[in-house]
Amino acid sequence: MRTNKFITWLSMAVLIMVVSVGCKDKLEDSTYFTSDDLSVIQTLEANPEVFSSYVEILLKTGSYNALKSYGNYTCFAPTNEAVKTFLKEKFNVETVAEISSPEDIEYLRTVVKFQTIPTGRGTSGFVEGRISDTTYTGDFLTTSFLKGGGIANVEINREVGLTEYDIKATNGIIHAINGVLHPYVDPVTVVMEKAGKHTIFVEALKQTGYFDKLSVIYDETGSKNSFTVLAESDEVYAQEGINSFDDLVNRISPGALDFSDSENELNRFVAYHVAENFLYSINFPNEGFITTILPRNAWKVFKTDKELKINETETGVDDTWTSLISAGSNLPAKNGVYHTVDKLMPIFTPKAKYLIFDLVTDQPEYQQGIVKSGGQYTSDVYSGVRWYPEGTRRFWKRGKELNYKNSFFDVGGYAWIEFDTPIIPKGKYEMLILGNGGNNARAIIQVYWDGEPIGSLFDMTKKGTSIGWPDEAIMESNGWRHGYKCITDNKGNIQYDNSNKNRFIITKELLCPEQKSHVVRLQAIKAGNGGLDFIEFIPVIDNAPADDSSCPPSGDGS
Amino acid sequence: MKRNIIKIYAIIPILFITLFSCDTYLELEPQDSLIQQEFWKNKEQVSAALAGCYASMNQSAFTERVLLWGELRGEMLVSARAGNNYLNMLKNYMFPANGFVDWSSFYKTINHCNLVLTFADEAQANDLSFSEQELSRIKAEAITIRALVYSILVKNFKEVPLVLIATSSTEADFYPPKNTEEEIIAQITADLEAAVDGLSLGFAQSTAHDKGKMTKGAALAILADIYLWDEQYDKCIDATNRLVALNKYSLVNGADWFDSIFFQGNSQEGIFELQFSDINTTLKNSFYYGNPTYLPYNGIQQLYSDFPDDVRGNLGTFDRDFNSVFKYAGVNNLGFYRAEDQFYNTLIFFRYADVLLMQAEAYILSTDNKDLDKAYTLINQVHERATGIPLEAAQSEGDLLSALLVERQKEFAFEGKRWYDLLRFAKRNNFENQYLMLDLAFEKAGPDDYDQILSYYTDTESYYLPIYQNEINLNPNLIQNPYYEN
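Protein chains in written order, with my numbering: chain X, 1 to 558; chain Z, 1001 to 1486.
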């Protein structure tokens, strides 16, 4: 009996325990996350000894929740000491709590936005130049390796260093910085003026009126202006013996003092130093032109394996060019960036270049082996050749052809055929074409240049005798020249000596105002056979007759 | 009461049964694999375990690091299609998360060696046919492999944990801290000095055995290399002299340089070459002509241009027409290439030319045994063999050193040596020649990244690799190398 009672009590006790304890939800009051990792805010809060002040700023400016939310931010977070120094300098206070005026809080907000990028950028993507995305203020931050020592010594905006970097958070990446970044407020002109290393150039900007034009941050539509300024520092001017603004005037536009006139040489000189672009040195093209605000002018840019060359003279002897001085370059402002060039940079006119355009071997399809000599191809095989009416055409490349690179386009019976030329540097040219004339030739052609008829009729039916061959002077007056002496076939025949291989002068004054590729169309007035060899562009120098007595320069590796 | 006694009598046997009898019954051993207690019983098993030490080096994780850690940071290779980790290493932009600095394949080999060293004695006691002599040779081979691996680690990381006990028992320290460079080098040299006696002079079965296993020559070459690294020049001279005195190795003729050393492999000048029963994937992936990962840096061709007849130049080290690494990918001087399934190359660690040039370096730099004439003769042996023209004579110490560095670059291009040569030269006298490193930035930079790449080469601590982040996370006692603390 007593045992029974004991059992009863025991079971009662167990029951009570089960009821009171067992049913309790062990998970009550706890929240579960998909990840145990910390967000940007949580990471900052987990390290109060480093980031507590910045967290306060985030709270104060209402940015706290943003950095807690989903996303992939780059957060440049100043350390506590950095914030302290900044507060002292900027507001003369000790703690964030002491800041209360709306303007000051607004400034802090700008600072936070300036230090936050909406995409996560680790140090592995840092280059000598800008970070590829803009901050929430719409500015590019720069990273610089000039101090040496690798990532640990990288400077942001040449202003602050990293104390710790690539701290991963669930919604971004944190870089601790040892100073507060100063948001860009000044336009590039003012930044240059304040830096004080380009006083003569800044004075020139002012005198020519460009200072004000370049000081505009937002244009009338409200979008931000971007300027890239290449400027000579005072030091660079001094090397040229220019020690004051007056010296510069004497050098560039002696006697002409109406600097605001757009025809004034100094005005043009200054305008030539500015491009409407946002280009850190790394953003300069590998080879190409950057249009300046001086109309119809550009910087010619070429990056070699080692060096950025601006406006290389390309004369072949003692070429000169301008480079950037790294320590004085890639310096950002609110509406642009400026660089210091290493020597005086006058307006540069790129040199016209001799070009021989072989209609066969210069086609990429030929170079890639897609088309072969003698094969019949439709025009859609070529990216740079078109003809009408549709049908197949062929070319020959064989030793017996007395043509440039022993090759010619064997075309006949077309209404028109057109070729995309290689890129031609701006300049003035003579344009000539060589076709296989003579007995078999039947075509009479009008040449079109970018859609406009150019020159007189290219009559391939004309025999040598009817154009004055072999007398060079008579031929010239008829608009023809011999073929080249250095072009031979496999039997040793020379093009120059062949009365049917003459160059027709399409025009002696072809103006290419900008560097680009053009379209040459041969429109048949009378359709018929006529092999096409090459088209050449000979630079006209100082309006003197072009010298083409020697062989075509074979810079393209014939 | 009586009943109770019966009960007790009944209980006692039951107790006994439950307490003891189950013992063997519960101890089940796997039937389809060996366990440690059953292994280590005889000579054959120990030999097999030693073969495992060699085989562990045959992994591409190991060979790839041996080759590329020695090449990428120098001015030898450019990328055709290398991955990010390698591209970063090409510009010495290293950080702990870069998986290519993971050293685990090296410690795997070390552990294989440690296992042999721990258990070989036991097996020998068990196996009457296992002679003392064989035991000491096997242990010496394991020690030499381990020393080789540590020598690679110390040159790359400067400080690594010195693990000398197999992680098979609880005695092993699972969280070893780093040892100093000094301690590691002392261990390597002491191990090797002791091992040399136990090692065989060679193996008669085949050249693959002879070159592919650790021999006296191999141990002395590793020893000379580490003495040179540690600036113990007299000891380096001594080690190389002992190696020469083995009378086993000699330079191949210039005409056979490519064919014998690289195409055939296991030449008379080979000292230790890792053998591959299958394809040498590291060399294939890096240099196979059809799809190379790396191409020679464009200064390489120029390097040989002073001596047009240098057998190491066009169609030796590189192919001028295709700018490829010909040393491993080529077949003969007609410009034929190995097919993808023909990369049976050995991986050369040391060859006789290296020993001669190490000795030359030691003769130039030794205080007590300085002998520039001897050094000149040694350098010239290697130079003249390849070019047919003697080296310019009567040079100053500095000129000789420069000539030596260039000769090493030409002779051992793409053999995983260049970076260590540069670092060894640069770091002497508290980085007196740091310019060797800084110049690399100019060689490697394009128009936009000179400052950036220069920056990666400015800190002398950056010449040593970071410890892989995983290792740091797993082992609380490991401290990251100085340049990489963040």
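We put the beta carbon where it would ideally sit given N, CA and C, even for glycine.
Are any of the Cβ atoms in chain X nearer than 8 Å to that of residue i?
i          : result
SER1455(Z) : yes
TYR1483(Z) : yes
ASN1291(Z) : no
ASP1102(Z) : no
GLN1452(Z) : yes
SER1462(Z) : yes
ASP1459(Z) : yes
ASN1332(Z) : no
ASN1486(Z) : yes
Under DSSP, the beta strand (DSSP E) around residue i begins and ends at which residues?
i         : result
MET563(X) : Residue numbering for chain X in the displayed model covers 1 to 558; residue 563(X) lies beyond these limits and cannot be assessed.
GLY374(X) : Looking at the DSSP string, GLY374(X) is not in any beta strand (DSSP E), and its letter there is neither H nor E.
TRP387(X) : 385–388
ARG130(X) : 129–134
VAL341(X) : 336–341
PHE408(X) : 407–410
LYS526(X) : 519–526
TRP321(X) : Note, TRP321(X): premise wrong, no beta strand (DSSP E); not H, not E.
So the alpha helix (DSSP H) residue i belongs to, where does it begin and stop?
i          : result
ALA1195(Z) : 1181–1198
GLU98(X)   : From DSSP, GLU98(X) is part of no alpha helix (DSSP H); its letter is neither H nor E.
Can you confirm whether residue i, when its beta carbon is compared against all beta carbons of chain Z, has any partner nearer than 8 Å?
i         : result
ASP166(X) : yes
PHE409(X) : no
VAL127(X) : yes
ILE7(X)   : no
PHE145(X) : yes
GLY222(X) : no
ASN243(X) : no
Run through chain X and tell me which residues come within less than 8 Å of residue i, C-beta to C-beta.
i          : result
GLY1446(Z) : LYS303, ASP305 and LYS306
By a C-beta neighbour count over all protein chains shown, 10 Å radius and 16 as the cutoff for buried, is residue i buried or exposed?
i          : result
ASN500(X)  : buried
ASN1477(Z) : exposed
TRP9(X)    : exposed
ARG1137(Z) : buried
VAL14(X)   : exposed
ILE1011(Z) : exposed
VAL317(X)  : exposed
MET12(X)   : exposed
SER554(X)  : Only weak support is given to the placement of SER554(X): the predicted model assigns it a pLDDT of 44, under 50, and the value that follows is read from those uncertain coordinates. By the neighbour-count rule (16 or more Cβ atoms within 10 Å), SER554(X) is not buried but exposed.
ASN171(X)  : buried
GLN1302(Z) : exposed
MET17(X)   : exposed
PRO1296(Z) : buried
GLU287(X)  : exposed
TYR1435(Z) : exposed
GLY492(X)  : exposed
Which residues of chain X have a Cβ atom closer than 7 Å to the Cβ of residue i, listed in chain order?
i          : result
ASP1449(Z) : VAL127 and GLU128
Closer than 7 Å by beta-carbon distance: list the chain Z residues that pair up with residue i, in chain order.
i         : result
GLY148(X) : LEU1454, SER1455 and THR1458
ASN157(X) : Correct list: empty, because the minimum Cβ distance to chain Z is about 15 Å.
So which residues of chain Z does residue i contact, with C-beta pairs closer than 9 Å?
i         : result
ASN72(X)  : Chain Z residues near ASN72(X): none, gap ~18 Å exceeds 9 Å.
ASN153(X) : SER1455, THR1458 and ASP1459
task: Name, going along the chain, the residues of the segment 317–331 of chain X whose beta-carbon falls closer than 8 Å to a beta-carbon of chain Z.
output: SER326
field: Within 8 Å of chain Z by C-beta, residues of the segment 297–316 of chain X in sequence order
entry: LYS303, THR304, ASP305, LYS306, GLU307 and LEU308
Within 7 Å of chain Z by C-beta, residues of the segment 263–294 of chain X in sequence order: SER281 and ILE282
Contact residues within the segment 1155–1169 of chain Z, judged by C-beta distance below 8 Å to chain X: Sequence-ordered contacts of the segment 1155–1169 of chain Z with chain X are nonexistent [C-beta pairs closer than 8 Å].
- prompt: Given a limit of 9 Å on CB to CB distance, which residues of the segment 1462–1480 of chain Z reach chain X?
  reply: SER1462
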